[in-house]
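**Student:** Quick one: structure below, then a few questions.
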DNA sequence: ACATATATACTCGAAATGAGTATTAATGAG
DNA sequence: CTCATTAATACTCATTTCGAGTATATATGT
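Protein chains in written order, with my numbering: chain A, 25 to 337; chain B, 25 to 337.
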């Protein structure tokens, strides 16, 4: 007799408020934040995505707008059984992760929005290169390289460290970086999954099961997609100023952008159109309110916000 | 009691031979080509990918090199039960698709390589824009637009048709195009899945279950990845001439490229290094043999073959 | 010697990109 | 009223990348 498999569906539901990028979490066991998730019931749902929409709807009172499948994880040991979602002991959960974009609204009582850089503090380069990279991460990873058995293994680790945290920050490698920190024992989940006592630096806030990995995948995907699909607008109010749009993109990408070039790009691409109305800011010159121009989808093949943001050294 | 779910693993194993891009298929039921696939056994395999490698190894005598997860499909009706892979009647198969790249070698008896444009004849623009687009596809899609109930639905269909087959060919939209043709009833799978008698144009060669959809996903992903990761080299022999490399890229992308610019790009990016040896062609000047320069992975953040190929009108 | 086929080098204009400077329009403090 | 402050918006400029060529070199077979 074959071991039972059940399918879990998780969603990284993302939004932006002002300058803060947020993720919807449920305080699952009082200890760890979790993504909204639940089992897929093949009897009720025609497709995985419909199952997700239904489940999330029940759990969070949210209507998902844009959704996209991310990845299916089936690793033994990274999804420990739980009374909530798992089958009996010995059963295996394969979890399908989704990315969903929405505007912040009223959420159910058990859920709350949380800034995603709580979970990935090394990913926010808007103000400056996060100090923890030089102070904690790189020294620890240096040790990780040295501890490799064999010089070839050490070379491979060195290369990974360099790609992830070395010269030339690539904001899309969110998952790669998280996985590296996991393997190097720098995040709590590593110790939990392997039944070891925690030790050393535990960077960022841990999540339930492999949910931080799913969130990393979601952020990575969103950061990539931003550049060639107009997905930001799923997160914006119907009208917005160009600076608000820029701040949202910066929040997602974790980078600062050049203001004038950003406007040029957005304008040239025909991503937005003016409404003729103006914002009434507390100080400073009022800015025109824009809305998303749905027409771009028809006209351009890769309409997106190409960010050529400069990273702080 | 919940309905049973089982996990199926399928792999689109791709290779290139000269100018032909190939996929490894098994002649499953004598009627339809199928991708190598099999059930995931959680008792034996720690991860999904290991399950896949094992299964494919047994079925095809192949060692997979580069692999990448594509998508997880769980649609009811697009994966009909089969004695081979499914659970009993009423059970549901969720299938996880993978992309694998390899060099052509000796394969098991039941498997064979087949050019992938057999399944997607409209995707090969190397010689010319495929005539079937103007002659068959566009007229049929025009009808599909007209048959929409309501003008808003018609607008949406028109937009999709335009994005997929209109001005400006985007070689990456392989899946989008296949799905559109599916919905418009232009491929055999549509009639099979819905239990209807086949009618009208059946474009390309059909495959078992949803395997053509998985293959479309694989090609789309590969065409995208090509541009920012040096994946072509997984498909090349250890040494090759620049024209061979170009022909391989063209085969995958389904486009012709500008020869001089291609070399400039490949050289400037440092993707390859000369070996000092030369090819001995049947005619024409011998070309230098190159090999992949592994160093790029360290140096550049997006090393790939940016194709700016011109499409024939 | 030359037709043919391919490799390789070099040129050139158009467009995109990154990094500015300059100017305009609002606010509140004095 | 003036001015410091804040932000919007317009314009400039050098550099790089891109698409499309032309020109030349080196093989083969007849």
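Just so you know, even glycine gets a beta-carbon here, dropped at the ideal spot from N, CA and C.
For the beta strand (DSSP E) containing residue 44 of chain B, name the first residue and the last one.
**Tutor:** 44-51
**Student:** For chain B, is any of its Cβ atoms less than 7 Å away from the one on residue 325 of chain A?
**Tutor:** By this cut-off, residue 325 of chain A is an interface position.
**Student:** Since residue 119 of chain A meets chain B, which of its residues come closer than 7 Å, beta carbon to beta carbon?
**Tutor:** Simply none; closest approach about 10 Å.
**Student:** Per the DSSP calculation, residue 180 of chain A is bridged to which residue(s)?
**Tutor:** Looking at the DSSP assignment, residue 180 of chain A forms no beta bridge with any residue, so it has no partner.
**Student:** What are the partner residues of residue 298 of chain A, as DSSP defines its beta bridges?
**Tutor:** A:314
**Student:** Could you give the first and the last residue of the continuous alpha helix (DSSP H) run that contains residue 284 of chain A?
**Tutor:** From DSSP, the alpha helix (DSSP H) with residue 284 of chain A extends over 283-292.
**Student:** Closest by CA to residue 69 of chain B, which one among B:84, B:296, B:31 and B:169?
**Tutor:** B:31
**Student:** Per the DSSP calculation, residue 143 of chain A is bridged to which residue(s)?
**Tutor:** According to DSSP, residue 143 of chain A bridges with nothing at all.
**Student:** Pull up the distance between the alpha-carbon of residue 118 of chain B and that of residue 306 of chain A, whole angstroms please.
**Tutor:** 54 Å
**Student:** Roughly how many angstroms separate the alpha carbons of residue 261 of chain B and residue 40 of chain B, rounded to a whole number?
**Tutor:** 10 Å
**Student:** Tell me which residues share the same chain as residue 273 of chain A and place their Cβ nearer than 8 Å to its Cβ, disregarding the 5 neighbours each side in the sequence.
**Tutor:** 250, 256, 281, 286, 329 and 331
**Student:** Compute the distance between the beta-carbons of residue 99 of chain B and residue 96 of chain A, then report whether it is under 7 Å.
**Tutor:** Contact: no.
**Student:** Please compile the residues from chain A whose C-beta is within a distance smaller than 8 Å of the C-beta of residue 183 of chain B.
**Tutor:** 321 and 322
**Student:** Taking the alpha carbon of residue 278 of chain B as the point to measure from, which residue in B:252, B:141, B:169 and B:241 has its own alpha carbon closest?
**Tutor:** B:141
**Student:** Taking CB distances under 7 Å as the criterion, tell me whether residue 328 of chain B reaches chain A.
**Tutor:** no
**Student:** Which of the three DSSP states is assigned to residue 202 of chain A in this structure?
**Tutor:** Under the three-state reduction of DSSP, residue 202 of chain A is assigned to helix.
**Student:** Distance check for residue 156 of chain B and residue 57 of chain A, CA to CA, integer angstroms please.
**Tutor:** Distance between the alpha carbons of residue 57 of chain A and residue 156 of chain B: 53 Å.
**Student:** Check distances from the C-beta atoms of the stretch 276-303 of chain B to those of chain A and list, in chain order, the residues that come in under 8 Å.
**Tutor:** none
**Student:** For residue 71 of chain B, which three-state DSSP category applies?
**Tutor:** coil
**Student:** Using a Cβ cut-off of 8 Å, pull out every chain B residue sitting near residue 71 of chain A, in sequence order please.
**Tutor:** 98, 99 and 100
**Student:** Along chain A, in chain order, which residues have C-beta atoms closer than 7 Å to that of residue 192 of chain B?
**Tutor:** Correct list: 325.
**Student:** Which chain B residues sit within Cβ distance under 9 Å of residue 78 of chain A?
**Tutor:** Result: empty, since nearest Cβ-Cβ is about 13 Å, beyond 9 Å.
**Student:** Residues in its own chain within less than 7 Å of residue 181 of chain A by CB, not counting five upstream and five downstream?
**Tutor:** 168, 169 and 172
**Student:** At least one CB of chain B closer than 7 Å to the CB of residue 47 of chain A: is that the case?
**Tutor:** no
**Student:** The beta strand (DSSP E) with residue 214 of chain B in it runs from where to where?
**Tutor:** From DSSP, residue 214 of chain B is part of no beta strand (DSSP E) but of the alpha helix (DSSP H) over 212-217.
**Student:** Where does residue 295 of chain A land, buried or exposed, given buried means 16+ other C-beta within 10 angstroms?
**Tutor:** So residue 295 of chain A counts as buried.
**Student:** List, in order along the chain, the chain A residues whose C-beta lies closer than 7 Å to that of residue 237 of chain B?
**Tutor:** Residues of chain A passing the Cβ test: none, with the nearest at roughly 13 Å.
**Student:** Based on DSSP bridge pairs, tell me the residues matched to residue 137 of chain A.
**Tutor:** A:48
**Student:** Using CA atoms only, rank isn't needed, just tell me which of A:144, A:210, A:77 and A:94 is closest to residue 45 of chain A.
**Tutor:** Residue 45 of chain A has its Cα closest to that of A:144, out of A:144, A:210, A:77 and A:94.
**Student:** Using only CA atoms, which one of B:200, B:54 and B:50 lies nearest to residue 62 of chain B?
**Tutor:** Considering only alpha carbons, the answer is B:50.
**Student:** Who does residue 96 of chain A pair with in a DSSP beta bridge?
**Tutor:** A:120
**Student:** Going by DSSP in three states, residue 229 of chain B sits in which element: helix, strand or coil?
**Tutor:** coil
**Student:** Give me, in chain order, the residues of the same chain whose beta-carbon lies closer than 7 Å to that of residue 78 of chain A; leave out the 5 immediate sequence neighbours on both sides.
**Tutor:** 69
**Student:** Closest to residue 183 of chain B by C-alpha separation, out of B:196, B:204 and B:195, would be which residue?
**Tutor:** When C-alpha distances from residue 183 of chain B are compared across B:196, B:204 and B:195, the shortest belongs to B:204.
**Student:** If you measure between the beta carbons of residue 230 of chain A and residue 213 of chain A, is that distance less than 7 Å?
**Tutor:** yes
**Student:** How far does the beta strand (DSSP E) with residue 62 of chain B in it extend, from its first residue to its last?
**Tutor:** 61-63
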